[in-house]
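First up is the structure itself, then whatever we jot down about it.
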């Protein structure tokens, strides 16, 4: 400031310290503005899936499904086979019980209509158990049914020993004749087939099926 009180050119200029502060504040303000603008742009950006995202997600789903499907089918086949085994076990025990109660032979045979016996050794379409009042090994309308089994689920097949299209449970609960072997198989193939062996005592046990019987069962022969 001059002697007469007027401001000089030197007085109008900021001090070095002020200039330093101003120079530091400008980049900070610019950076802050840039960050705020970037945040606004990010918020305004659409949040939907792009076509690429959808294709990647679909591809991943197909891949997972492709790995899981065979395991799922195998698990279902195993479950159906186990259900068939349980059904035959229940039928045999029911036939033994009622044979003793009625003091008459009970017959277990394959049946497609759940009323009468069918010929052959394929039990996959179902079976029945009944009290054989007249001893002819065929069910008449007056003979009481002990159990009915509908067609087996899935691709499960059940076959009995050649020449044994019927099982006869005697009044004492034992199996008449020699041991009977059922072969149980499903879509998993011959290697997973089981033999269900019914002893004369009426005991049913499971063991791996013989290769020939397993192949015949799986092939439907």
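Residue numbers (our numbering): -8 to 212. C-beta: ideal position from N, C-alpha, C; glycine also.
Query, Result
"Of all the options 204, 165, 161, 156, which has the alpha carbon lying nearest to the alpha carbon of residue 101?", "156"
"If I'm right that residue 123 touches residue 104 with Cβ under 8 angstroms, what's the distance once you round it to whole angstroms?", "Not a contact, Cβ separation roughly 18 angstroms."
"For residue 137, which residues in the same chain have their Cβ closer than 7 angstroms to its Cβ, ignoring the five residues on either side in sequence?", "85, 86, 89, 97, 120, 121, 122"
"Taking a contact to mean a Cβ-Cβ separation below 8 angstroms, would you say residue 188 touches residue 99 in this structure?", "no"
"Since residue 206 is in the alpha helix (DSSP H), which residue starts that stretch and which ends it?", "202 to 210"
"Are there three or more Cβ pairs, one per stretch, closer than 8 angstroms when the stretch 126 to 133 is compared with the stretch 190 to 209?", "no"
"For residue 63 and residue 191, what's the separation of their Cα atoms in angstroms?", "38 angstroms"
"Using the rule of at least 16 other Cβ atoms within 10 Å of the residue's Cβ for burial, across every protein chain shown, is residue 175 buried or exposed?", "buried"
"State the DSSP-derived secondary structure class of residue 89, mapped to helix, strand or coil.", "helix"
"Closest by CA to residue 214, which one among 43, 68, 169?", "For residue 214 there is no data in the structure shown, the boundaries of the chain being -8 and 212."
"Between which two residues does the beta strand (DSSP E) holding residue 98 run?", "97 to 101"
"Secondary structure at residue 214, three-state DSSP: helix, strand or coil?", "This structure gives no information on residue 214, because the portion of the chain shown stretches from -8 to 212."
"For residue 210, count neighbouring C-beta atoms within 10 Å of its own C-beta (all shown protein chains included) and say buried if the count is 16 or more, exposed if not.", "exposed"
"With residue 196 as the anchor, note down where its beta strand (DSSP E) starts and where it stops.", "195 to 199"
"Helix, strand or coil: how does DSSP classify residue 192 here?", "coil"
"Could you check the C-alpha separation between residue 169 and residue 51 for me, to the nearest Å?", "56 angstroms"
"Measure the CB-CB distance between residue 150 and residue 113 and report whether it falls below 8 angstroms.", "yes"
"Which one of 49, 162, 165, 75 has the shortest CA to CA distance from residue 184?", "75"
"DSSP on residue 143, reduced to helix/strand/coil?", "coil"
"Say yes only if the C-beta of residue 111 is nearer than 7 angstroms to one or more non-hydrogen atoms of the ligand ZN, and no if none qualify.", "Among the ligands in the structure shown, none appear at all, so the ligand ZN cannot be discussed."
"Do residue 145 and residue 178 have their beta-carbon atoms positioned less than 8 angstroms apart in this structure?", "yes"
"Ends of the beta strand (DSSP E) at residue 155?", "Counting along the chain, residue 155 falls outside any beta strand (DSSP E), and DSSP gives it neither H nor E."
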